[in-house]
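Report on the structure given below.
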Amino acid sequence: MLLKNTCISIITFISSLAIGQNALNVELLGQVNRGDVRYSGSWAYIAPDDTEYALIGAKSGTAAYCISDNCTVDELGFVLGPVTNWREITVIGSYAFVVTDVQGTGHGMQVIDLSFLPDSLHLVTNYTSTFTTGHIIQKAIDSDEPFVYVMGTSTTQGVHILEISDPETPVEVGIYAPGYYIHDAHVRGNLMFAAAFYDTKIDIVDISDKTNPVLVGTITYDGKNTHSSSTSEDGRFLIVADEQDGYPARVFNIEDVTNAYEVAQYTANAASLVHNPYVKGDFCFVSHNTEGMRVLDIADPTVPVEVGFYDTWTGQSGGFNGLWSACPYFPSGKIIGGNRTDGLYVWSFNNTKAARIYGIVIDSLTGAPLFNATVEILELQDTLDSGLTGYFKKGMLEGDYTLVIGKENYLPKTNEISLSQSDSVFFEVKLVPENYSNTLIAKPAPQKVSVFPNPSNGQFILDLTSIENAEKLKIYAESGELIYENKILGGQLVSLNLENKNGGFMQIAIYDHEATLIATARYSTF
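Going by the working numbering, the first residue of the sequence shown is number 94, and it counts up by one from there.
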């Protein structure tokens, strides 16, 4: 048993943003540096009385702190372990399970009884039966089922599956050993997503039978050093992080595990790697190394939007500095993280939600999608491309935005939009060809048709008695926007009602069965 630690901790708890820190929608509630030089993984423990505790891996062991609002913050206990820069923790029930990737005092998988908190921590066993070191330890993210998963061990390159129904006597019940190195694994339900670090891929493994893991799918992509992953809560999407500067986090649709495909990418700064993603609700809390803690709105995972951040590193971007992890699994909404050089951080996030726009750019005359049109968002200094389908999409914070849409040989168009949180706005952008007016006016059809009354209130008659071969009617607004089209029969009078259409001048175009322009008329409303 280890009693309350007596070393002096450097403790900072504040009620507002730290001066000089770079933050958005995230408030720093506290920071604790026990003077242990190096920090790494962190995890949440919620006691039966709902008190919230933060566990953090330090260079020489594992520390516990109370982070509930009524706590007097102090280090409540410390369990020594091998001295290392890498220490990972997970919690099931009232026990913490801790691994390191070096041998030394207390090596193996440490099992720590948390039930004596806030008084003390109790180390109850060191599991060494099938390995003595482990780089990462995980549990099922959606339950407290009695299994832990250990990767990067001293004995295999795979994933060790241990049953901990009796936490003080863990039993290895299965192993996923594909023959190459698995760095980390995320578990939800009966699926395990194993990150094959050097092979740059995710193995999707059915673990419904823990004694016999079965590979059911593989995600390969153009990345480097597949580090970790996390699913959306509905299990339909997987967010994957590479441990390599210059590579973004990627979002994959995994509804069909045999045919996963990439739908989005995210990085706050390509100079820095994305280290660990953790999902809670519609948000993904990302430890982004030198860019600190980042919060993504993933209500639509195909359009992830950064809605908050807190930068914990003031030095140059890139490399293995800054934030190791950002654990959000507290009922209060608090988030904790282990910052490599100065210890535990405790934050709150104000749950700001993103807005999103979805659109398509089309030709105003033909209605055909326009590929590779540009959509410039002036306030963001960002330009989108409509690709090969004419579609574009973008997420942003609430606010007023100006969109300038353009394409070669078309007149540019400006749209102003006002967005609130959680808005999902779809709109159609119709671009007018530059030569539209010249086509109809400088080269008119050989026949003119009569419109009466002209002008009118929108109800009028079109005289097609002399145009036997008329088959299609199109009416354009003065801007070039197509506002009406229909099939017609030539050789007769046609009654039309455009009361609900835009007023002003309109251009009437008549086409034959070969879509050749054969007649025009100019019409106006009052």
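Glycine included, every Cβ here is placed at the ideal spot set by N, Cα and C.
When burial is assigned at 16 or more other CB atoms within 10 Å of the CB, is residue i buried or exposed?
{"i": "glutamine 514", "result": "exposed"}
{"i": "phenylalanine 545", "result": "exposed"}
{"i": "threonine 383", "result": "buried"}
{"i": "glutamine 231", "result": "buried"}
{"i": "threonine 304", "result": "exposed"}
{"i": "asparagine 432", "result": "buried"}
{"i": "glycine 374", "result": "exposed"}
{"i": "methionine 94", "result": "Unreliable placement is indicated for methionine 94, whose pLDDT of 29 sits below 50; no coordinate value is reported for it."}
{"i": "aspartate 327", "result": "exposed"}
{"i": "aspartate 475", "result": "exposed"}
{"i": "alanine 278", "result": "buried"}
{"i": "arginine 615", "result": "exposed"}
{"i": "glutamate 168", "result": "buried"}
{"i": "aspartate 194", "result": "buried"}
{"i": "glutamate 399", "result": "buried"}
{"i": "threonine 609", "result": "exposed"}
{"i": "tyrosine 354", "result": "exposed"}
{"i": "aspartate 493", "result": "exposed"}
{"i": "glycine 128", "result": "exposed"}
{"i": "proline 394", "result": "buried"}
{"i": "proline 421", "result": "buried"}
{"i": "phenylalanine 520", "result": "exposed"}
{"i": "proline 260", "result": "buried"}
{"i": "asparagine 352", "result": "exposed"}
{"i": "phenylalanine 598", "result": "exposed"}
Once you ignore the five residues that flank residue i on each side, which residues in its own chain have a CB closer than 6 Å to its CB?
{"i": "glutamine 337", "result": "Lys317, Asn318, Leu366"}
{"i": "tyrosine 269", "result": "Gly251, Val252, Val298, Pro306"}
{"i": "isoleucine 450", "result": "Lys487, Val518"}
{"i": "valine 191", "result": "Thr155, Ile182, Gln203"}
{"i": "aspartate 605", "result": "Asn562, Glu564, Ile611"}
{"i": "asparagine 502", "result": "Glu527"}
{"i": "tyrosine 291", "result": "Tyr274"}
{"i": "valine 172", "result": "Leu95, Gly154, Thr155, Ile205, Leu214, Leu216"}
{"i": "threonine 313", "result": "Lys294"}
I'd like the list of long-range same chain contacts for residue i, defined as Cβ closer than 8 Å, with 5 residues on each side in sequence excluded.
{"i": "glutamate 607", "result": "none"}
{"i": "alanine 219", "result": "Note on identity: in this sequence residue 219 is asparagine, with alanine being the wrong assignment. Only Gly199, His200, Gly201, Met202, Gln203, Val204 meet the Cβ criterion."}
{"i": "threonine 144", "result": "Cys159, Ser161, Cys164, Leu210, Pro211"}
{"i": "tryptophan 406", "result": "Asn382, Thr383, Glu384, Gly385, Asn414, Gly415, Leu416, Asn432"}
Since I believe residue j is in contact with residue i (beta carbons under 8 Å), could you give me their beta-carbon distance rounded to a whole number of angstroms?
{"i": "leucine 557", "j": "glycine 584", "result": "7 Å"}
{"i": "valine 264", "j": "methionine 202", "result": "Valine 264 to methionine 202, Cβ: 12 Å. No contact."}
{"i": "valine 119", "j": "tyrosine 403", "result": "4 Å"}
{"i": "isoleucine 581", "j": "alanine 563", "result": "6 Å"}
{"i": "alanine 461", "j": "leucine 490", "result": "Incorrect: roughly 33 Å between the Cβ atoms, too far for contact."}
{"i": "arginine 387", "j": "valine 379", "result": "4 Å"}
{"i": "serine 479", "j": "valine 497", "result": "Going by Cβ atoms, the distance from serine 479 to valine 497 rounds to 13 Å, so no, they are not a contact pair."}
{"i": "serine 441", "j": "glycine 426", "result": "6 Å"}
{"i": "serine 457", "j": "lysine 523", "result": "4 Å"}
{"i": "alanine 288", "j": "serine 322", "result": "6 Å"}
{"i": "tyrosine 371", "j": "alanine 419", "result": "6 Å"}
{"i": "glutamine 226", "j": "glutamine 196", "result": "The question names glutamine, but residue 226 in the sequence shown is threonine. Threonine 226 to glutamine 196, Cβ: 6 Å. Contact."}
{"i": "glycine 415", "j": "valine 454", "result": "Their Cβ separation, rounded to whole angstroms, is 40 Å, which puts glycine 415 and valine 454 out of contact at 8 Å."}
{"i": "glycine 408", "j": "valine 350", "result": "About 40 Å; that fails the 8 Å criterion."}
{"i": "alanine 147", "j": "isoleucine 470", "result": "The pair is not a contact, with the Cβ atoms about 39 Å apart (cut-off 8 Å)."}
{"i": "glycine 170", "j": "alanine 157", "result": "5 Å"}
Determine which residues share a DSSP beta bridge with residue i and list them.
{"i": "tyrosine 340", "result": "Paired residues: none, contrary to the question."}
{"i": "serine 517", "result": "Arg449"}
{"i": "arginine 281", "result": "Leu284"}
{"i": "valine 522", "result": "Val454"}
{"i": "aspartate 556", "result": "Ser543, Leu586"}
{"i": "glutamate 120", "result": "Ser441"}
{"i": "valine 166", "result": "Note: valine 166 sits in no beta bridge, so no partner."}
{"i": "glutamine 196", "result": "According to DSSP, glutamine 196 bridges with nothing at all."}
{"i": "alanine 137", "result": "Ala147"}
{"i": "serine 549", "result": "Thr618"}
{"i": "aspartate 299", "result": "Leu284, Val307"}
{"i": "phenylalanine 423", "result": "In DSSP, phenylalanine 423 forms no bridge with anything."}
{"i": "phenylalanine 88", "result": "Coverage of the chain is limited to positions 94 through 619, which leaves residue 88 absent and any answer about it impossible."}
{"i": "tyrosine 314", "result": "In the DSSP output, where bridge partners are listed per residue, tyrosine 314 has none listed."}
{"i": "isoleucine 182", "result": "Val191"}
{"i": "threonine 319", "result": "Asp335"}
{"i": "leucine 173", "result": "Gly154"}
Please go through the same chain and pick out, in chain order, the residues whose beta-carbon is closer than 7 Å to the beta-carbon of residue i, but skip the five residues on each side of it.
{"i": "leucine 589", "result": "Phe553, Leu555"}
{"i": "asparagine 115", "result": "Asp404"}
{"i": "alanine 364", "result": "Asp338, Ser410, Gly411"}
{"i": "lysine 506", "result": "Ile498, Val522, Leu524"}
I want to check one thing, is the minimum distance from the CB of residue i to the heavy atoms of the ligand GDP below 7 Å?
{"i": "leucine 458", "result": "The ligand content of the structure shown is nil, which means the ligand GDP is not present either."}
Beta strand (DSSP E) runs wholly inside the segment 430–509, at least 3 long, in chain order: 436–442, 448–456, 467–470, 475–478, 484–489, 492–499
Start-end ranges of the beta strand (DSSP E) lying completely within the segment 356–415, minimum 3 residues: 369–373, 376–380, 386–390, 398–403
Every unbroken beta strand (DSSP E) inside the segment 202–273 [3 residues or more]: 202–206, 215–220, 229–231, 240–244, 252–256, 264–269
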